[in-house]
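Written below as structure tokens is the structure these notes are about.
Numbering (our numbering), first residue to last: -10 to 568.
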């Protein structure tokens, strides 16, 4: 009804093809039988506890007979959120009782992994003449490949994490997921939101063009702000949102106000500007669990045992920072131990941008309980009322009497005639999933003679709550943007008529490196998320979502060609200009 009342209604379908995660380290699994006849699995995985469950179910053995350990691993991006390589050596070792290992070649990573879901997203968008967006109708058709793993979940994010960017009077979101005789699709950074945001943001850019408005102006008029209830985002409220500030900063960085949207250069090449916004989430609300064990070792330092997986994202460092800050100690006094299903607390795994927000909060809460236990033991040793004691990270002391006991002495005392164990396990889940927000601007140069596209500048600003570690946040953002740029301009999975993947090596499947782009510039706009540790939200996934719509619009402004199917290649632009 609302759509029918709108002054302007535009309808467009975008198509994003499957893309590969192409993490540096391939899929690797080693299996052996231990002294007790149990299956030991050493694997490069994001989901240690899920991996144990899946292997046990497949082999029809109890989970107690399977131990999974994650060493340091070299990237995942969602590819290792499925049991891709684990099953084969697990089966061989369980049957033969002999060690086995499997290391995927890059060819095998391309033909036997779980790439991003191919999606066709149709958006109908209605607005009034002043540019107020009144209704968004989104329908997604998702290709899950030969199997349905991640099929029913990924498609949901294409609508639930794109429509809520805007305040509308009405929305509708529908989808279908289909099996095809192709590779089974799986998780990839962005997890469906990437495809949906490309569709919705492309439509908002198209609306601005149709109404003769600046793409920034139409976003300022319609975007979600702090305190807004987001019906399309599971009814949650945006308790922390600096999206408008992010957009202003990204635009200022690229010099938006000083440049035309389209500019013909002296050499005949044409430059264009484009912009886009994005949102994601922080863990899966009411589902995911993060857990941490903190133990005071006998030398007065802390051992922290986690169940989440550091894939190179730096979550071990972040958790160490949280614990160190909460216990007023130096980060060098924190030792973080990785995941072992025999010794680690249960954690649902490293996915859905959950580690900093969810496991980080578990670390903070565990540290608070550890502080309380230190005070309890000190009160017993010093024979003082616990309410009169203070802890400064190195000692517990009573200001009134001058009595004190060092952390080292507390550790020593805990080993003799003591009923207060200086060890804490804390498990945390969240009823909400506060979204991080992001805005970006792109400047491209198109050669009208060949259709070749050069990305001249890319600026981005992220609201991930409190920025816990600026260096890690920056490289996360730059890396995610580069992946998004690759998906937008280069990466293309294609199959023959029998479903065989022909883009099965890095010779055929092109990905950019950091050396290919000089100007990727990143800034942060801090908000404070009340449900996050020290006000933090996630950053892992959102950073991949803006390049496709921003670059597509920049290419359109330069060439007049609106490319609706990724990747945006020189051929598509050239033939589009010819038409």
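Ideal Cβ positions, reconstructed from N, Cα and C, are used throughout, including at glycine.
Requested in this report: Give the C-beta separation of residue 607 and residue 281 to the nearest angstrom, bearing in mind that I take them to be a contact with Cβ-Cβ under 8 Å.
Outcome: With the chain covering -10 to 568 only, the question about residue 607 has no answer from this structure.
Query raised in the report: Candidates 122, 29 and 117: which alpha carbon is nearest residue 83's?
Result: 29
Requested in this report: Measure the C-alpha to C-alpha separation of residue 311 and residue 396 and round it to an integer number of angstroms.
Outcome: 19 Å
Query - Residue environment, residue 562, which counts as buried when at least 16 other CB atoms sit within 10 Å - result: buried
Requested in this report: State the CB to CB distance for the pair residue 313 and residue 307, rounded to an integer number of angstroms; the pair is presumed to be in contact (CB under 8 Å).
Outcome: Not really, about 11 Å apart at Cβ, beyond 8 Å.
Query raised in the report: Do residue 113 and residue 262 have their CB atoms nearer than 8 Å?
Result: no
Query raised in the report: Are the Cβ atoms of residue 325 and residue 309 separated by less than 8 Å?
Result: yes
Query - Beta-carbon proximity list for residue 233, same chain, < 8 Å, skipping 5 on both sides - result: 209, 212 and 214
Query - Secondary structure of residue 565, DSSP reduced to three states - result: helix
Requested in this report: Taking residue 324 as part of the beta strand (DSSP E), name the residues at either end of that continuous run.
Outcome: 323 to 326
**Report entry** the stretch 350 to 369 contacting the stretch 532 to 541, beta-carbon criterion three pairs below 8 Å
**Finding:** no
Query raised in the report: Over what stretch of residues does the beta strand (DSSP E) that includes residue 96 continue unbroken?
Result: Where residue 96 is concerned, there is no enclosing beta strand (DSSP E), although the alpha helix (DSSP H) it sits in stretches over 95 to 100.
Query raised in the report: For residue 437, which residues of its own chain have a beta-carbon under 8 Å away from its beta-carbon, when the five flanking residues on both sides are left out?
Result: 257, 258, 259, 548 and 566
**Report entry** Where residue 195 sits in the DSSP three-state scheme
**Finding:** helix
Requested in this report: Return the chain-ordered list of same chain residues with a C-beta closer than 8 Å to the C-beta of residue 478, the five sequence neighbours on each side being excluded.
Outcome: 442, 444, 501, 540, 556, 557 and 558
**Report entry** Under 8 Å between C-beta atoms of residue 378 and residue 366
**Finding:** no
Requested in this report: Reducing DSSP to helix, strand and coil, say where residue 266 ends up.
Outcome: strand
Requested in this report: Can you have a look at residue 67 and say buried or exposed, based on whether 16 or more other CB atoms are within 10 angstroms of its CB?
Outcome: buried
Query raised in the report: Is the Cβ-Cβ distance between residue 574 and residue 274 less than 8 Å?
Result: Residue numbering for the chain in the displayed model covers -10 to 568; residue 574 lies beyond these limits and cannot be assessed.
Report task. Note down the Cα distance separating residue 286 from residue 305, rounded to an integer number of angstroms. Result -> 18 Å
Report task. Sort 92, 108 and 138 by Cα distance to residue 131 and report the nearest one. Result -> 108
Query - Three-pair Cβ contact test at 8 Å for the stretch 284 to 300 versus the stretch 402 to 413 - result: yes
Query - Euclidean distance between Cα positions of residue 178 and residue 531 - result: 8 Å
Query raised in the report: Would you say residue 228 touches the ligand FMN, meaning its beta carbon is less than 7 Å from a heavy atom?
Result: As presented, the structure is devoid of all ligands, the ligand FMN included, so that no description of it is given.
Requested in this report: In angstroms with no decimal places, state the Cα-to-Cα distance between residue 195 and residue 119.
Outcome: 15 Å
Query raised in the report: From 20, 104, 115 and 144, pick the residue whose C-alpha is nearest to that of residue 89; which is it?
Result: 20
Requested in this report: Give me whichever residues DSSP pairs with residue 107 in a beta bridge.
Outcome: 132
Query raised in the report: What distance in whole Å lies between the Cβ atoms of residue 433 and residue 543, which are believed to be in contact at a cut-off of 8 Å?
Result: 4 Å
Query raised in the report: Which stretch, first to last residue, makes up the alpha helix (DSSP H) that contains residue 472?
Result: 459 to 478
Query raised in the report: Can the beta-carbon of residue 371 be found closer than 8 Å to that of residue 387?
Result: yes
Query raised in the report: Is the Cβ-Cβ distance between residue 230 and residue 426 less than 8 Å?
Result: yes
Query raised in the report: Should residue 174 and residue 145 be called a contact, given that it needs their Cβ atoms to be closer than 8 Å?
Result: no
Query - Touching by the beta-carbon criterion (3+ pairs, under 8 Å), the stretch 176 to 191 and the stretch 234 to 247 - result: no
**Report entry** residue 379: first and last residue of the uninterrupted beta strand (DSSP E) it sits in
**Finding:** 378 to 380
Query raised in the report: Anyone know if the C-beta pair for residue 405 and residue 394 falls short of 8 Å?
Result: no
Report task. Look up residue 113 in the DSSP assignment and say whether it is helix, strand or coil. Result -> strand
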